[in-house]
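Colleague: The structure's right below; bear with me while I get my questions together.
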Amino acid sequence: MLDRPELPASLMNCESPESPQRFAWQVCATLADDAERLSIREDAVVKAEAHAAKLINCLEEHIDDQHTDSRNVIQSIINSLFSIRGEHRAFEMLVGVAGATGAGKSSMLNALLGFREVFPSGHQGAATAVPCKVSWNFDNRPGYKCIANIYFQSKEEIIKTPEILVEAFIARDNPDETSFQSDKEKEDNLEQMQSKGMEKVRALWKLEEKDVQEIIDDAGSEITYSARLIFNSNPAVGELLKLSMKTIHASTPEELAGMTKPYLDSTEATHGSGTNFAAWPLVKEVRLFLRSEILKNGICLVDLPGQGEMEASRAEVAQKYSDKIDVTMIVAPVHRAADERIAQKLLSKFHSLQMQMDGRFNKEKFSVILSKTDQIEADDYTNLYAKDKEVQRLKEAIQIARQEKRNRPNNRRQRKLQSRAKSLMRYFERISLKNMKNRKEEKDLIIDQKPKKTASREESMKFNSSFNNKLHAKALLRKIKAWKDRAKKTNKQADFEIQRLDHQLTHWAIWNRNRLVGERIEESFQRQRTGNSQGPSVSRNGTLGVTVLGISSTAFWQLQNLKGARLGFPRESFTGIPRVAQWMHKAISGSREKHLLLILNKYLVIFNKLQAWTKNPEKSDPVMNHAEIEARLYKSHQNCLKDLESVFDTLCKKIEEFDTLKEINPIKFKFKRESQYITESWSWKDPKCPNRQKICWSTYRAIVSRQGYWKHPSGIEYNWILDLATPLLETLKENWQGVSEESLLRLRNDVETKIIDAWKSDAVGKSDWKLREEFISIFPEMAAIGTSLCSQMSSLLDDFAKRVNGLHSLIVPSIENALRPVFNEALQYQGPRSHAKRQNFLAENVPLQCERLVPRLCQSMRYAFHESLGEVKRVSMKKTLEAIEEAKTQVNIHARVLSNNGLSAGELSESCQGILGAWLESPDKDLDHILKQDASIPEKVTIGHIMSMEEAHRYLFGDGSMAQTDTEESESESDNDSDKDKDNTGSEKNQDEEMSLGDDVSIQDLETELRNLEKQRKKS
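End of the sequence shown sits at 1020 in full-length UniProt numbering; the numbers just go up one at a time, nothing left out.
Written out as C-alpha cells, the structure reads:
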C-alpha cells in the first residue's frame, strides 16, 4: 500500500505486519526549519498532481471497457482527483498593495512580477484608480498564456459624471448657493470641479466646455436631461457597457499590456460601433492571469487604490477585496514617508482597527514599502553626518584613492616612453643589420679569394656595441610593456575600488535614511495602534507593528536590462525587490503549508484506495460478502459518528463563548453622541486643522452625491463613511474580541486529539473482531483517512476564525445603506440657501440613523456568527460521513467483494499500478525555495559586486568593461604595433617572451634606462 501518514502515538494499539513506507512530506513535520518543510511539501504536491493527471487519463481511457460497478468506482475516483486539483488551484492568499498616485506602486508590482509594463505607470489617476487583481494562470491553451478580464461599471454609475458636471456649470452663475464664498474661492472651486468632470467627458464623448454648455442650453438647464444627452452623444459607450465584462488574451505580457492599455490610461482605441475614444473611465475592475514565478504558490497581488480616488462601484470592489486581504503592503516614496502624520496618511485608523481584529497588524502580515530609494544626493546627505565614523572613513578612503589615481603616470606619458623605446630599438636594429651586411660582404671576399680588407678593431667593437644596444632596447621595450600591463591592471583594480567606495557611500546614505524613516514609521504605527500619542509603544512579543522595507524599481530594471548599475545598487539584492518577494512568501507560508498538507492527505487517501482496487486479486472466494461487511461495520461506524458528533457539539459550545456582543445600549448611545460631533465637522475642510475653513458648497454637495466619498481635484480626500465607521468599530472592538490565534490553536489541538481518539476507538480499534483480524494490514490506510479528516477540520476552523474576525466588514455597508436615503433626500434641496438646509438636514438625521443602525448591525453580526457556527457543525458532520464512507470502501475493496465484479482486471490494473508505483518510488526533492535564499540587502558593497557588472559587460561587448576612450584606443593601437614588430623579428621571437618585472620598478627607473640608451645612440 502507498501509505503512509505519520500517526499519533495513541492512534492504534496494533500495527501492520509490514513496515509502511513514509514519505518525506510526512517525516519533515519534525523539522524546525519552516522553509525546508515548505519546500519538501511543495515538491510533493507537484509530483502528486503530475501522477494524478496520468491516472485521470488512464482511467478515462479504460472506463468504457469496465463493468457497471467498475465504471461507478472509476468515475468517483476521477471526480475526487478533479476535486482535489480544483481545491488546490483555488487556494489563494490576497496581498493587498495600496499607495497614492505617483508612489511607485505600479513600478514595484511590475518588478515583483518580472514584467515591465503589466501595470501602467506614470499616467494620471485613471490607471491607478482601478482595482486590479493578478493571479496565476492555469490556462494552457495556445495564445492564452496571459489573460485579462476587464469589468465595466453600470450605466447608472457612469451617467453620474455628466450630471455632476452639468450641475457645476449651472451653479457657476448662481449667487444664492455661493454667497458665503469670495469670488476667487468660488471661481477656483468650480474650475476644479469642472476640470475633473471634463477630463472624463473629453475621454468618453470628446466634448469640450463649449459643447457641454450648448447641450445644457438646449436642454433648458435641466440636469438629468442634459446628462442623458451627453451620454447618448457617443453610442459606443453604451455598447461597451452592455458587455459587462471583456476578456483579452495574449501570448506575452508585453502583448497583453498593449491590448489592455486603452482601458487603463488615456490611450484611444476603437470600441463598439467603431468610434475612437479612451475607455478608462468605464472600467470598474481588472483581473489579470499571468505565469509569473511569484504567483505560482498561491500569492494574488491586489492593487488597491484609495477610496477617495474611485467611483462608487470601484470603491465597492476595492472594499470587498480589503475585507478579504490576508497580507497588507503600503507603498510610499521614502522622501514623503518621513512626514509626521505618516500613519494617518498611509493607513486610516479604521483600517488599522480592522487589521488588529483580523490579527494582521503585525510584522508578518503588514509592511510599508519605501519606494524610490535611489532618489538621493549622497554627498549632500552624508554631509549632514560628517561626524559619523563610517562616513569619515569612506570619504577619506575615496579621497586617498582618487589622489593616488591622479598621481599615477597618465597614458600619454606611458605611450611617449614606449614610442621612444621603439624608436631606439628600430635605430639599433638598422645599425645592427648594416654591420651584419658589412660582415657578410667581408666573408664573401674571403671565400672568393679577393683581396682582404682588414677591419679595424674599432669597427668590430662598433658592431658588437650596436648589437648589444639593440638587445638592450628590445629588453627595455618589453619591460615598458610589462610595466604598462601591470599599471593597467593596477589602474583597473583602483578604478574598481573607487567604484566600490562610491557605491558603499551611497549605499550607506540610502541605508541610513531608510533606517531612520523606518523607525519613525514604526513608532507612528505603534502610537496609532495603542492610541498613545505621547511616545512609542513596544509590543510584548515583539511581532506587533509593521515591517519597513526599502526598494528601487528603477535600479532593478536598470540591472535587468543590463544598462549598468545606479550608484548604491550594484546588484539586484541591493534594490530590495527580492527581499519584498521573500517577505510575501514568508507572510503566507503558514497558511500555504496547512493547505499543502491538506491536499497531500487527500491525495494519499485516493491513491491508497486506487492501489488496493487495482491490486491483482487472488483466485479465491471473497472473505465476506457485501451485506455481511455492512452489518459488521454498521455498529462501530455508528458509534464513531455519535462520538464525533458529540465532539463537534462540545466544540460549538466552546465557540459560542466568543459571542460577546450582547449589551447593545451602551454602544448605541455612545455612537449617537460621536456621530453628532462628526456630522457637524463635515462643514469644515479639515476639522483637525487649527485654522479651519468652511467647506465649499459644491464640494459638500459632491460628497453627498457620491454617498459620502469624494476626492477633490486639489487632492483633499473626503470619506464620511469611514469618519463614522472608525469610532463605531473602536467601540465594537471593546465588546467583540473575535477568535484569537491562541484560542484557535487550543480549539484545533483539542478537536484533532478527540477526532483521532474517536477514530481509533470506534472506526478502527473497536470494529468487529473478524474484521479486525482479517483487515489488520489496512489499518495504516484507515489511519490515513482519519488524518485527512483532521486536516479538513483544521482548515474548517481556520476558515471559521477568518470569517468571524472579519465580521467588522459589515460596518461600512451597514452605514452606507443607512445613510443612502438620508443623502438622497438631502440632494432634494435646491435653490436659495439650499446648502445651509442640506447641512442642517444631515446634522439632524445622520445621528438618528446611526442610533437606529447599531441594533441592526449587532444583530447582523451575531446572526453571521451563529450562521458560520452552524456551517462548522454541518460541514464537520458531512466530512465525517465522507470519511466513514471512505473507510467502508477501503474495507470492501480489501475484501475482494468489488474485485470479483471485475474492478481490477487486465491492462487498466497494470497501468494504474505502474503510475502509483512511480509515485511511491520517486525521490522527494528539497527544492530551492525562495525562503531558503539569502534575499537580504548586503551591509557592504564588495569588489565581487562590482566585478559581476564587469563580467556582464565583457560578455556583451567583448574585451573591456566599457566603451574604450580615445586614449585607450590609441594605447591599444600602440600595443598592436608592438606586436607587429615582435612578429617581424623572426629568429629573435623566442626572446620576446613576457618579462617578469619586479614590484619595485617604477616608471622613473625605466625613463632613466631609456635616457642612457639614448646617450649611446648619440655616441654612435
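Yeah, the Cβ is synthetic: ideal placement off N, Cα and C, and Gly gets one too.
For the 8 Å Cβ check, are there 3 or more pairs between the region 742–759 and the region 809–821?
Modeller: Flag = no, the region 742–759 and the region 809–821 do not touch.
Colleague: Return the chain-ordered ranges of every alpha helix (DSSP H) run that is complete within the region 541–566 and spans a minimum of 4 residues.
Modeller: Runs found: 553–560.
Colleague: Which residue or residues does DSSP assign as beta-bridge partners of A935?
Modeller: Position 935 of the sequence shown, counting from 1, holds the residue named residue 935. Note: A935 sits in no beta bridge, so no partner.
Colleague: Judging by CA-CA distance, which residue of G914, W682, A90, F574 is the nearest neighbour of E717?
Modeller: As a working note, residue 717 is residue 717 in the sequence shown. Considering only alpha carbons, the answer is W682.
Colleague: Buried or exposed: K619, going by 16 or more other Cβ atoms within 10 Å of its Cβ?
Modeller: Counting from 1 along the sequence shown, the entry for residue 619 is found at position 619. With a pLDDT of 43 at K619, under the threshold of 50, the predicted position of this residue should be treated as unreliable, and no value is reported.
Colleague: With H, G and I counted as helix, E and B as strand and the rest as coil, what does DSSP make of E657?
Modeller: Residue 657 sits at position 657 when you count from the first residue of the sequence shown. Coil, per DSSP.
Colleague: According to DSSP, is W280 helix, strand or coil?
Modeller: Residue 280 sits at position 280 when you count from the first residue of the sequence shown. DSSP places W280 in helix when its eight states are reduced to three.
Colleague: Since L384 and L113 should fall inside the 8 Å C-beta cutoff, what is the C-beta to C-beta distance between them, to a whole number of angstroms?
Modeller: Along the sequence shown, one-based indexing puts residue 384 at 384. Along the sequence shown, one-based indexing puts residue 113 at 113. Wrong, their Cβ atoms sit about 37 Å apart, outside the cutoff.
Colleague: With respect to the beta strand (DSSP E) encompassing Y144, which residues constitute its N-terminal and C-terminal limits?
Modeller: Walking along the sequence shown from the start, residue 144 turns up at place 144. Here Y144 belongs to no beta strand (DSSP E), and DSSP marks it neither H nor E.
Colleague: To the nearest angstrom, how far is the alpha carbon of Q213 from that of F169?
Modeller: Here residue 213 refers to the residue found at position 213 when the sequence shown is read from its first residue. Here residue 169 refers to the residue found at position 169 when the sequence shown is read from its first residue. Rounded to the nearest angstrom, the two C-alpha atoms are 7 Å apart.
Colleague: Whole angstroms is fine: what's the gap from K372's alpha carbon to R41's?
Modeller: As a working mapping, residue 372 is identified with position 372 in the sequence shown. As a working mapping, residue 41 is identified with position 41 in the sequence shown. Distance between the alpha carbons of K372 and R41: 37 Å.
Colleague: For R22, which of helix, strand or coil comes out of DSSP?
Modeller: Taking the first residue of the sequence shown as 1, we reach residue 22 at position 22. Reduced to three states, the DSSP call for R22 is coil.
Colleague: Per DSSP, A332 is paired with what?
Modeller: Stepping through the sequence shown from its first residue, residue 332 is reached at position 332. A332 pairs with L370.
Colleague: Following the continuous alpha helix (DSSP H) through D339, name the residue where it begins and the one where it ends.
Modeller: Here the question's residue 339 lines up with position 339 in the sequence shown. D339 -> no alpha helix (DSSP H), and no H or E assigned at all.
Colleague: Can you tell me whether S978 is helix, strand or coil according to DSSP?
Modeller: The residue given as residue 978 occupies position 978 in the sequence shown. Residue confidence is low: S978 scores 47 on pLDDT, short of 50, so the model does not pin down where it sits. No coordinate-derived value is stated.
Colleague: Among E239, I299, H637, which one has its Cα closest to the Cα of residue 1021?
Modeller: Given a span of 1 to 1020 for the chain in the structure shown, any question on residue 1021 remains unanswerable.
Colleague: Assuming V334 and L370 are in contact, meaning their beta carbons sit under 8 Å apart, how far apart are those beta carbons, in whole angstroms?
Modeller: Counting from one through the sequence shown, the residue named residue 334 turns up at place 334. Counting from one through the sequence shown, the residue named residue 370 turns up at place 370. With a Cβ gap of about 4 Å, V334 and L370 count as contacting.
Colleague: Taking Cβ to Cβ, would you say I248 is nearer than 8 Å to A129?
Modeller: Start at 1 with the first residue of the sequence shown, and residue 248 comes out as number 248. Start at 1 with the first residue of the sequence shown, and residue 129 comes out as number 129. No; because the gap between Cβ atoms is not below 8 Å, this pair is not in contact.
Colleague: Confirm, please, whether the CB-CB distance from L729 to I811 is below 8 Å.
Modeller: Here residue 811 refers to the residue found at position 811 when the sequence shown is read from its first residue. Here residue 729 refers to the residue found at position 729 when the sequence shown is read from its first residue. In contact: I811 and L729 (Cβ atoms closer than 8 Å).
Colleague: S860 to L853, Cα distance in whole Å?
Modeller: Looking up residue 860 in the sequence shown gives position 860. Looking up residue 853 in the sequence shown gives position 853. Their Cα atoms are separated by approximately 11 Å.
Colleague: Tell me the DSSP secondary structure of R706 in three-state form.
Modeller: As a working mapping, residue 706 is identified with position 706 in the sequence shown. Three-state DSSP puts R706 in coil, outside helix and strand.
Colleague: Select from H945, P832, D374 the residue whose C-alpha is nearest the C-alpha of L501.
Modeller: Looking up residue 501 in the sequence shown gives position 501. Answer by Cα proximity: H945.
Colleague: Using three-state DSSP, classify R1011 as helix, strand or coil.
Modeller: Position 1011 of the sequence shown, counted from the first residue, corresponds to residue 1011. The answer is helix: DSSP assigns R1011 an H, G or I state.
Colleague: Measuring alpha carbon to alpha carbon, tell me which of A257, L848, E396, E163 ends up nearest F669.
Modeller: Here residue 669 is taken as the residue at index 669 of the sequence shown, counted from 1. Selected option, being the one with the closest Cα: L848.
Colleague: Taking the straight line between their C-alpha atoms, what separation do you get for T547 and N362?
Modeller: Counted from its first residue, the sequence shown places residue 547 at position 547. Counted from its first residue, the sequence shown places residue 362 at position 362. Taking the straight line from one Cα to the other gives about 8 Å.
Colleague: By how many angstroms is the C-alpha of I510 removed from the C-alpha of A386?
Modeller: Taking the sequence shown and counting its residues from 1, one reaches residue 386 at position 386. Taking the sequence shown and counting its residues from 1, one reaches residue 510 at position 510. So the two alpha carbons sit approximately 15 Å from each other.
Colleague: Could you give the residue range of the alpha helix (DSSP H) that holds Y677?
Modeller: Taking the first residue of the sequence shown as 1, we reach residue 677 at position 677. Residues 665–681.
Colleague: Just mark R592 as buried or exposed, buried being the case when its beta carbon has 16 or more other beta carbons within 10 Å.
Modeller: Numbered from 1 along the sequence shown, position 592 holds the residue referred to as residue 592. Buried is the call here.
Colleague: Among G143, E163, S251, A278, whose alpha-carbon lies nearest the alpha-carbon of W205?
Modeller: Position 205 of the sequence shown, counting from 1, holds the residue named residue 205. Checking every option, the nearest Cα to that of W205 belongs to A278.
Colleague: Does the distance from the CB of H62 to the CB of L916 come in under 8 Å?
Modeller: Walking along the sequence shown from the start, residue 62 turns up at place 62. Walking along the sequence shown from the start, residue 916 turns up at place 916. No, the pair does not count as a contact, with Cβ atoms beyond the cut-off.
Colleague: Quick check on the burial criterion: 16 or more other C-beta atoms within 10 angstroms. Buried or exposed for V27?
Modeller: Position 27 of the sequence shown, counted from the start, is the residue given in the question as residue 27. Exposed, because fewer than 16 other Cβ atoms sit within 10 Å of the Cβ of V27.
Colleague: Which runs of the beta strand (DSSP E), 3 residues or longer, sit entirely within the region 715–766?
Modeller: Within the region 715–766, the complete beta strand (DSSP E) runs of at least 3 residues are 717–719.
Colleague: For L301, list the residues DSSP reports as bridge partners.
Modeller: The residue labelled residue 301 in the question sits at position 301 within the sequence shown. DSSP, once it has assigned bridges, lists V95, V134 as partnering L301.
Colleague: Under the DSSP definition of a beta bridge, which residues are partnered with V286?
Modeller: In the sequence shown, counting from the first residue as 1, residue 286 sits at position 286. Paired residues: C132, I150.
Colleague: Could you pull out every residue in the same chain whose Cβ sits closer than 7 Å to the Cβ of S80, ignoring the five residues on either side in sequence?
Modeller: Start at 1 with the first residue of the sequence shown, and residue 80 comes out as number 80. For S80, where only same-chain residues beyond five positions count, the Cβ hits under 7 Å are I606.
Colleague: For V317, name the three-state secondary structure that DSSP assigns.
Modeller: Within the sequence shown, residue 317 is the residue found at index 317, counting from 1. If DSSP states are grouped into helix, strand and coil, V317 belongs with the helices.
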